[in-house]
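Accompanying notes for the structure given below.
Numbering (this note's numbering), first residue to last: 9 to 304.
Laid out in structure tokens, this is it:
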């Protein structure tokens, strides 16, 4: 086990080495990060689409900026020491300097890893049609800029390729290999449609492969057992809790408006005492009491 004094990046690498495959669960905010830790997860994730929809209420179409994501990163890393993988889209800008700034900022704000993709600046959700990607050379340049900007060698740079849906499997495999050659640590092939494809990526690049098992997308909801058999090293569930939380909120709002009371949906709610327990409320309160007692 790594000590709590090790870097976030090293803790992420240790988690990948120790759990096969490593389950990485999406945490939309700091509260969910604490819930994920309580549930036993060893790594967590902040989705770009989640920041867009959850924090800003806008679609995942390249509308959010670096500072929007950094705000949520800092809030999560301030209260939870699980290594955090962050979606940085295309790097938040068109030049190598933008990518460098993104990497340095992520390290400074306590992230453990990022994934950066090969879509054009006006990006789309990876499971939507009409995606466009930059040239392989431009993607390689993004990876080189990211690797070069690292102020901590253990910080993980993951290359995501959306090429499968646009140019086909061979192109996606080529891009993955080129990214690893350029210094990427891990590969995230997006919108995979068949289990065996993961095996091809793993054998081609000889680096950890991430499977994005997002709901209602292009990829079937494979189990960890199936993915382990396909040589997958990390399994991502980017927005599972977020989707459930949104559905629950809609149901509560509808019920209160319709019934004139929340009595009929009380059993779907976290209780006050459960909330206090999850955020360690009483420890804070006891500290406050002790400080006041000392002043007297």
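No residue lacks a Cβ here, since even glycine has one placed at the ideal position from N, Cα and C.
The model shown is predicted, which means the values in this text are computed figures rather than measured ones.
What does a CB cutoff of less than 7 Å around residue i pick up in its chain, not counting 5 residues either side in sequence?
{"i": "residue 150", "result": "99, 107, 124"}
{"i": "residue 232", "result": "29, 31, 243"}
{"i": "residue 12", "result": "In this predicted model, residue 12 has a pLDDT of only 47, less than 50, meaning its place in the structure is not dependable; the value taken from the coordinates is given anyway. So the qualifying residues of the chain are 89."}
{"i": "residue 9", "result": "Note that residue 9 has pLDDT 35, beneath the 50 cutoff, so the model's placement of it is unreliable and the number below is only indicative. Excluding sequence neighbours, residue 9 sits near nothing in its chain."}
{"i": "residue 40", "result": "249"}
{"i": "residue 267", "result": "none"}
{"i": "residue 261", "result": "none"}
{"i": "residue 160", "result": "15, 17, 115"}
Between the beta-carbon of residue i and the beta-carbon of residue j, is there less than 8 Å?
{"i": "residue 38", "j": "residue 83", "result": "yes"}
{"i": "residue 116", "j": "residue 88", "result": "no"}
{"i": "residue 171", "j": "residue 180", "result": "yes"}
{"i": "residue 74", "j": "residue 103", "result": "no"}
{"i": "residue 164", "j": "residue 17", "result": "yes"}
{"i": "residue 69", "j": "residue 132", "result": "yes"}
{"i": "residue 184", "j": "residue 213", "result": "yes"}
{"i": "residue 240", "j": "residue 217", "result": "yes"}
{"i": "residue 48", "j": "residue 247", "result": "no"}
{"i": "residue 208", "j": "residue 221", "result": "no"}
{"i": "residue 215", "j": "residue 193", "result": "yes"}
{"i": "residue 51", "j": "residue 23", "result": "yes"}
{"i": "residue 162", "j": "residue 15", "result": "yes"}
Just reading off the alpha helix (DSSP H) that residue i is part of, what are its end residues?
{"i": "residue 16", "result": "16–26"}
{"i": "residue 289", "result": "289–303"}
{"i": "residue 154", "result": "144–157"}
{"i": "residue 186", "result": "177–189"}
{"i": "residue 229", "result": "Careful: residue 229 lies outside any alpha helix (DSSP H) and carries neither H nor E."}
{"i": "residue 280", "result": "280–286"}
{"i": "residue 119", "result": "Run containing residue 119: none; DSSP gives neither H nor E here."}
{"i": "residue 39", "result": "38–46"}
{"i": "residue 208", "result": "203–213"}
{"i": "residue 164", "result": "Careful: residue 164 lies outside any alpha helix (DSSP H), inside the beta strand (DSSP E) at 164–169."}
{"i": "residue 84", "result": "74–87"}
Report all residues from its chain with a CB closer than 8 Å to the CB of residue i; omit the five preceding and five following residues, and keep chain order.
{"i": "residue 43", "result": "35, 249, 286"}
{"i": "residue 128", "result": "98, 140, 141, 142"}
{"i": "residue 211", "result": "239"}
{"i": "residue 86", "result": "38, 118"}
{"i": "residue 256", "result": "276"}
{"i": "residue 206", "result": "197, 200, 217, 219, 235, 238, 239, 240"}
{"i": "residue 8", "result": "Summary: the structure shown does not reach residue 8, with the chain confined to residues 9 through 304, and so no result is reported for it."}
{"i": "residue 272", "result": "263"}
Once the 5 residues before and after residue i are set aside, which same chain residues still bring their CB inside 6 Å of it?
{"i": "residue 300", "result": "none"}
{"i": "residue 293", "result": "none"}
{"i": "residue 168", "result": "123, 125, 196, 198"}
{"i": "residue 264", "result": "270"}
{"i": "residue 283", "result": "none"}
{"i": "residue 296", "result": "none"}
{"i": "residue 130", "result": "70"}
{"i": "residue 144", "result": "183, 186"}
{"i": "residue 21", "result": "none"}
Would you mind working out which of the options sits nearest residue i, comparing C-alpha positions?
{"i": "residue 245", "options": "297, 236, 223, 78", "result": "223"}
{"i": "residue 53", "options": "263, 94, 194", "result": "94"}
{"i": "residue 219", "options": "148, 134, 59, 58", "result": "134"}
{"i": "residue 158", "options": "121, 296, 276, 126", "result": "121"}
{"i": "residue 147", "options": "280, 130, 187", "result": "187"}
{"i": "residue 55", "options": "80, 49, 47", "result": "80"}
{"i": "residue 153", "options": "127, 302, 139, 110", "result": "110"}
{"i": "residue 252", "options": "21, 15, 27, 62", "result": "62"}
Between which two residues does the beta strand (DSSP E) holding residue i run?
{"i": "residue 31", "result": "30–34"}
{"i": "residue 95", "result": "92–95"}
{"i": "residue 245", "result": "242–245"}
{"i": "residue 259", "result": "Looking at the DSSP string, residue 259 is not in any beta strand (DSSP E); the run it does join, the alpha helix (DSSP H), is 248–267."}
How close, in whole Å, do the beta carbons of residue i and residue j come, if the pair is a contact with beta carbons under 8 Å?
{"i": "residue 91", "j": "residue 136", "result": "Not quite, the Cβ-Cβ distance comes to about 29 Å (not below 8 Å), so this is no contact."}
{"i": "residue 59", "j": "residue 76", "result": "6 Å"}
{"i": "residue 276", "j": "residue 259", "result": "7 Å"}
{"i": "residue 236", "j": "residue 203", "result": "11 Å between Cβ atoms; not a contact."}
{"i": "residue 227", "j": "residue 201", "result": "7 Å"}
{"i": "residue 72", "j": "residue 78", "result": "The Cβ separation is near 11 Å, so there is no contact."}
For the ligand FAD, I want to know if residue i counts as a neighbour, meaning its beta carbon is within less than 7 Å of at least one of the ligand's heavy atoms.
{"i": "residue 160", "result": "This structure simply doesn't include the ligand FAD, nor any ligand for that matter."}
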